[in-house]
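Undergrad:
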Amino acid sequence: MKSSPILLRIVVFMLFPVIAVCLVSYIYLLRSLPVVENFTLTGPGYNNVVVKRDHNGVVYLSSDDDNSIYFAMGYVQAQDRLWQLTLQQRIVQGRLSEMLGEKGVKSDIFTRTLGIYRAAQQAWTRLDRPAQNSLVAYAAGVNQAIKQQRTLPPEFILLGVEPENWTPIDSLAWVKMFALDLGGNMFKEIQYDVATESLTHEQVMLLFPTYVSAPPDSAANLALARGTAMQRVDAIRQQLPYFSTGGMGVGSNAWVVSGTHTVTGYPLMSNDPHLKLQQPSPWYVVSQNGSRLHAQGMSLIGVPLVIFGSNRHIAWGGTALTADVEDLYVETVKPGEPSQYKEDNKWLPFTQRTESIRVRSGIPDVFYPPLKDITLNVKETRHGPVVNALFPNIHQTLSLKWSALDPDDTSYMAFMRINYAHDWPSFQSAVRWLVAPALNLLYADTQNNIGMLSAGAIPVRGYGNGELPLPGENSRNDWKGYIPFNELPVSWNPDSGFIVSANNEVSNLTYPHFISHDWALPTRKERIIELLGNRIAKSGNKVTNEDMMAIQRDTHDQNIEAFRQAVVKKTRPTSERQQMAINRLVEWNGDMTKESVAATLIVSWARHLRIDMVVDSLPKSWGEDEKNTMMGKLGTYIPLSSLVKIINRDHGTCQTFGRQVSWHNCQDVLEKSLDQALDELGRMRGDNMDSWQWGSLHSSYYAHSLFSGVRFLDNIFSTRIENGGSPNAINVADMNFDLSKGYSQELGASFRMIIDVRPGKSRTQYINSTGQSGNIMSEHYRDMVKPFNTFIFFEIMSDFDSSVNQ
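According to this note's numbering, the sequence shown is numbered sequentially starting from 142.
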């Protein structure tokens, strides 16, 4: 068959311009990448800084002046993460809708209502001069990099926006967003209120097992269209990806082992904070060497400091304390006078402010008519901002008290002083300045000491324990201050020779202060202690760096193991297919590896059992579809430990969740849910059970902060990789289910780090979750995803001059 010259010419004529445009665009966008060779950075008022990058793009900074190091930090972060900085800046300023249009309105209403930026401006005045100077230097570095940027990264071009100058307040505001992401208790209060209105106390305790007491008698019963309010709660929580972290299960693992038990004779520390997975990572690996500053580890984008890491004398890591530092109050408004609210026997005026939110009409702007600005009127009480704009169907005036809005917030100063600490007393002195977020901070030093401090501004309540909104008019419900620093939980050189923190409860029955109900279940902590204990108990064995990595890698879930035992014991297979599934579960050890078929079976069975046993039996309210939907969502989160309690009842019946308690034969419910799971897995992966490996249905999803969910662009900017793990394993993998995509892990470790603390030459091994760069054109945009998935660690070199670019 002869080829057609005319057809060939037409194809070439059409394809050549497309190829040419793509090639020119590619070359043009390459100009947005920073110079990777070593160079000396200078700036007005700052000394020379030597900037080097290793083969992973990790930056090493050296200067004879600390403020010059902070200047360089702003410069290199802007080189590598300019889009991320711009997005964060617009978020904290409540100006996301100026860039994204209506998609950003909910986020802007949220941050403007809370007054995040105003609170950061107040916090600025409380910082000492060195802290302020560091932030000024950082901002100058960011702005110099913006001025020298040859080509903007692709996100700017696709959206048609320009970066704006960074300010010190932007950094302080992002620290507050970090605190918000590790908190969020006000959402839990609304959820708990919805549950207590619809369920018995026993049923509520199954949904909220760490909430150990009945609601206080004086709790305010919210007059709200509960379903619609819950829908709004869910909508706001969905905005948290913009805030880079957040969501259920946010926390961390951290543990430190004394030199008594290590092969080096000095402490080993492990840390892996659990945050919402995102592309790029919220963390930035760095080594800083100034006049007094000698720190290395993980910095937070938008901040010039090492947040978790080490210096020449100490190492520090952290986990979320999960302290309850947010309370909602139902305020009494004066009848006929909406500008006043009640405190005891007197009326006080609301403080009022007006926020104007500009909303972009479309992209590109020239094709869309301009939209009218949104005017947001915000009231404030003595407790804090009125948040009805977040919950518009609550019929009473609801205000928020939150520690991060305290004008005396000196948290940035605490993080900065930690970088300069050289022993336990100086570490304690630094940490006492921390307000928000509340953290457990682990410590090790070259003198072979280990310790842990619980730190942050944790309220002393006049009444109640933060479970539910309280009447705001009664001053006895107000906060009476914060727990004194010297009365917060502390651990110092324990006899066991190690300290473990996994968001577990840090107080006991004799502790005089209330901290939280929102503790993580003790599963992860107990497993870490078990693995450490097993290693230490072996005669003659000492803990190594590799042992610490192996513990981080562990995917055994004790909650799933208990659930497996319960359902296998109670189920009598009625078909060959059910018997095959049970056989696999009987032979399984509860390890949630990505190769495991049993892991897939147990997760799918548990999901359907939650639906059959809880969600479908929750009470339905006539005409309140939204409430029914949101109550169902609460049911899908019931812990496996609660399901086990229901299944293991002596009389062999399963309680449903209606207000009128009823019971069903557990055998029937278990068989039904197992069949549903097997049917679903067959549709998704075929009938061959051998192909149902956990990794084939479960993947880590690193969502791009802007383009996730956008067809075509999501595949380019976001990253997905098969993974193991589960919500209560050390290797945490909290997940959502979608029939077309399977189980997407959207929360997990955001970096992993092992610090070998030694005099003169500490060793820091790390893996960042995605890569050092936030520019899709860079080889370092996602080059750590596979190493992160397979636990291949890299090292921050302590020999600064000879270790990089080799």
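All C-beta atoms, glycine included, are put in the ideal place defined by N, C-alpha and C.
1. Measuring CA to CA, which of Glu736, Leu742, Ser737 and Leu775 is closest to Met754?
2. Within 10 Å of its beta-carbon, does Asn675 have 16 or more other beta-carbons around it, so buried, or fewer, so exposed?
3. Starting from the C-beta of Val444, find all residues in its chain whose C-beta is less than 8 Å away, skip the five residues before and the five after it, and write them out in chain order.
4. Could you tell me the distance, in whole angstroms, from the CA atom of Ala366 to the CA atom of Lys247?
5. Measuring straight from C-alpha to C-alpha, what distance separates Asn930 and Gly912?
6. Return the CA-CA distance between Leu847 and Leu880, expressed in angstroms with no decimal places.
7. So, at 8 Å on beta carbons, what are the nonlocal neighbours of Ile640 in its own chain, with the 5 sequence-adjacent residues on each side left out?
8. Compare the C-beta of Glu305 with all C-beta atoms of chain D and state if any pair is closer than 9 Å.
9. So, with DSSP's three-state summary, where would you put Ala643?
10. Entirely within the stretch 523-579 and at least 4 residues each: give me those alpha helix (DSSP H) ranges in chain order.
11. Spatial neighbours of Ser939 within its chain, please: C-beta separation below 6 Å, excluding the five flanking residues on both sides.
12. What are the uninterrupted segments assigned as alpha helix (DSSP H) that are 4 or more residues long and contained completely in the stretch 175-233, given in chain order?
13. Output the distance between the C-alpha atoms of Leu293 and Gln285, rounded to the nearest integer angstrom.
14. Would you check if the distance between the CB atom of Leu409 and the CB atom of Val898 is smaller than 9 Å?
15. When DSSP labels each residue in this structure, what does Asp485 get in the three-state scheme?
16. According to DSSP, simplified to helix, strand and coil, what is Ile933?
17. Using DSSP with H/G/I as helix, E/B as strand and the rest coil, what is Gly492?
18. With a cut-off of 8 Å on the beta carbons, I'd call Pro578 and Ala320 a contact; round off their distance for me.
19. Return yes when the Cβ of Ser451 is within less than 9 Å of the Cβ of Gly459, no when it is not.
20. Can you give the beta carbon distance from Asn121 to Ser867, rounded, assuming they're within the 8 Å contact cut?
21. Ordered along the chain, which non-local residues of its own chain (more than five positions away) have a Cβ less than 8 Å from that of Lys786?
22. Per DSSP, what kind of secondary structure is Gln588 in: helix, strand or coil?
23. Among the residues of its own chain, which have a CB less than 8 Å from the CB of Gly301, if the five just before and after it don't count?
24. Is it buried or exposed, Glu586, if we count other Cβ atoms within 10 angstroms and call 16 or more buried?
25. Measure the CB-CB distance between Ser544 and Gly597 and report whether it falls below 9 Å.
26. In three-state DSSP terms, what is Trp620?
27. Give, in chain order, every unbroken run of the alpha helix (DSSP H) that is at least 4 residues long and sits entirely within the stretch 834-916.
28. Residues bridged to Ser440 by DSSP?
29. Should Gly282 and Gln218 be called a contact, given that it needs their Cβ atoms to be closer than 9 Å?
30. Taking Leu202 as the reference, which of Ser432, Thr337 and Gly406 has the closest Cα?
31. Of all the options Asp828, Val191 and Gly186, which has the alpha carbon lying nearest to the alpha carbon of Ser428?
32. For the 8 Å Cβ check, are there 3 or more pairs between the stretch 494-501 and the stretch 515-525?
33. Is the beta carbon of Ser540 less than 9 Å from the beta carbon of Tyr470?
34. Rounding to the nearest angstrom, what Cα-Cα distance links Asp468 and Ala562 in this structure?
35. Among Arg267, Lys813 and Met925, which one has its Cα closest to the Cα of Trp574?
36. Can you give me the C-alpha to C-alpha distance between Glu812 and Phe704, rounded to a whole angstrom?
TA: The relevant details are as follows:
1. Leu775
2. exposed
3. Within the same chain, Val444 has close Cβ partners Tyr279, Ser312, Trp315, Val316, Tyr553 and Phe556.
4. Confidence at Ala366 is low in this model, with a pLDDT of 38, below 50, so the placement of that residue should be treated as unreliable; the coordinate-derived value is given next. Distance between the alpha carbons of Ala366 and Lys247: 20 Å.
5. 12 Å
6. 24 Å
7. Trp396, Val397, Leu583, Ile591, Gly592, Met593 and Ser632
8. Absence of chain D from the displayed structure is noted, only one protein chain being present.
9. Correct three-state label for Ala643: coil.
10. DSSP runs (the alpha helix (DSSP H)) wholly in the stretch 523-579: 552-561 and 565-572.
11. In the same chain as Ser939, and ignoring 5 residues on each side of it, the C-beta atoms closer than 6 Å to its own belong to Lys902, in chain order.
12. With a minimum length of 4 residues, no continuous alpha helix (DSSP H) run stays inside the stretch 175-233.
13. 14 Å
14. yes
15. coil
16. coil
17. Before going further, note that residue 492 is Thr rather than Gly in the sequence given. Here Thr492 sits in strand by DSSP.
18. 4 Å
19. no
20. For the chain, the structure presents residues 142 to 947; residue 121 sits outside this window and is missing.
21. Leu347
22. coil
23. Ile504, Pro505 and Asp506
24. Here residue 586 is Asp; the residue named in the question, Glu, does not match the sequence. Buried is the call here.
25. yes
26. strand
27. 835-838 and 854-858
28. Tyr425 and Val447
29. yes
30. Ser432
31. Val191
32. yes
33. The answer is yes: Cβ separation under 9 Å.
34. 33 Å
35. With distances taken between Cα atoms, Trp574 lies closest to Arg267.
36. Cα to Cα, Glu812 sits roughly 15 Å from Phe704.
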